[in-house]
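Please read the structure below before turning to the comments.
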């Protein structure tokens, strides 16, 4: 389901055809709309919409343009609305130094007061920020906005600014500007953790490129999802699932997502084989995040049995057609070689090619050459190298098996490349990895191909998750 996390359906642009607009939204897969109040009148209008339409929820707050409207009566009115079940957030609130329609000291005072209301009522915040980023972040920290979280609406900054937003526990609101030809947002959006964004329109403003100059509406959030999927190399359904999970976790308190043993991503079925690993990679999130990947909880508390993996694959395949089955995990699958082989033999009935994602230490782990055993089931092997030399491997991958691990991985690559299996060796574009030197090393091995994987933001709130390939 798609969710439009920021709309202004109360505005006059929708007065004549609101029902038709909502019908188009439903046809586009939009199941929920967060309508955001910004001044005394729009707050009342938003509440009226919430009472009339089941799919519309509310955020109530005073936009910095209208900060001079703040008074005791308005504050009490907002407090009354924050008691309602369908009023999910305080917003949109913040600072706007671009137009300066209210004095900056009053903007800041009203911003602080509304963060206080959000904390008092335990509601997330919708942030508006225009040419005021340093002051917005400073006030968010000083007023402890991180206690409630929320959305940084219409984010337009770079990676450094995104890092500061995520460090405060806020989600990044991505809308129509992502689709604009000169936008800097694609470079940032490509690297965001999948647990860090929501989709929005800000309708009737900021339409996607295909509708520039026209009225925006909730149905067009599907175009934002389409563009984001293309940027990140996933499917639209993957983006929609991630954004919905992120929104529901923040605004509906739905944080207990069941653990996934098998899950669909990029038209493939992935099997979460184990959380145990022989590496402690600097970029890995096994023990440093919620392990939320595109809406899936991959935080295994125990290794799944063969029966559980086989059953989970069957369930994951129900929605549609897939191109392959991938054995992976935040751990190392070959550490469970017996279970790996048994599961592969049982799910072979689905007729899909099977791929193994591995750190390449399988021979060391099992103390024998396991490549012939893998060849019985797998047509492809993807080996994570993530280093151009032994010294870098030791620093970045931190193998339990010591300095010999790097050479053992290269020996494994040679064996796989010489087999019937397709052999791809990958490396993250992690700061310490020399990608060109790694490519030269890999391509010196006959039959081995090299692929770069995207690193999703260094050290942001423990959410840095490497791309699954």
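Numbering (our numbering), first residue to last: 1 to 469.
Glycine included, every Cβ here is placed at the ideal spot set by N, Cα and C.
Computed from a predicted structure; not experimentally measured.
- In this model, residue 120 and residue 90 are separated by some 11 Å (Cα to Cα).
- Note: residue 293 is bridge-paired with 296 in the DSSP secondary-structure output.
- With 16 or more other Cβ atoms from the protein chains shown falling within 10 Å of its own Cβ, residue 150 counts as buried.
- Taking 3 residues as the shortest admissible run, the segment 405-437 contains the following complete beta strand (DSSP E) segments, listed from N- to C-terminal end: 422-428.
- Around the beta carbon of residue 443, fewer than 16 other beta carbons sit within 10 angstroms, so the residue counts as exposed.
- For the 8 Å CB-CB criterion, residue 168 and residue 145 form a contact.
- An exposed status is given to residue 184, since fewer than 16 other beta-carbon atoms sit within 10 Å of its beta-carbon.
- Under the 10 Å beta carbon count, residue 17 is surrounded by fewer than 16 other beta carbons and is classified as exposed.
- Under the criterion of beta carbons closer than 8 Å, residue 106 and residue 46 do not qualify as touching, at roughly 23 Å.
- Around the beta-carbon of residue 235, 16 or more other beta-carbon atoms lie within 10 Å, marking it buried.
- Closest in C-alpha terms to residue 193, from the list 214, 208, 404 and 246, comes 246.
- In the structure shown, residue 19 falls within a helical segment according to DSSP collapsed to helix, strand and coil.
- According to DSSP, residue 152 shares a beta bridge with 127 and 172.
- Rounded to the nearest whole angstrom, the CA to CA distance from residue 201 to residue 177 is 9 Å.
- In the DSSP assignment, residue 259 is bridged to 297.
- Residue 370: not part of any beta strand (DSSP E); DSSP gives it neither H nor E.
- In this chain, the beta strand (DSSP E) harbouring residue 3 covers 2-7.
- For residue 228, the closest alpha carbon among the candidates 179, 14, 252 and 219 is that of 179.
- Residue pairing by DSSP places residue 268 opposite 265 and 324 in a beta bridge.
- Cβ-Cβ separation between residue 341 and residue 377: approximately 7 Å, consistent with a contact (criterion under 8 Å).
- Put simply, the backbone Cα of residue 77 is about 17 Å away from that of residue 125.
- If you check the CB distance, residue 87 and residue 60 come in under 8 Å.
- Between the segment 271-279 and the segment 254-262 there are three or more C-beta pairs closer than 8 Å, enough to call the two in contact.
- Checking the DSSP bridge columns, you'll see residue 136 has no partner listed.
- For residue 355, the enclosing beta strand (DSSP E) starts and ends at 354-358.
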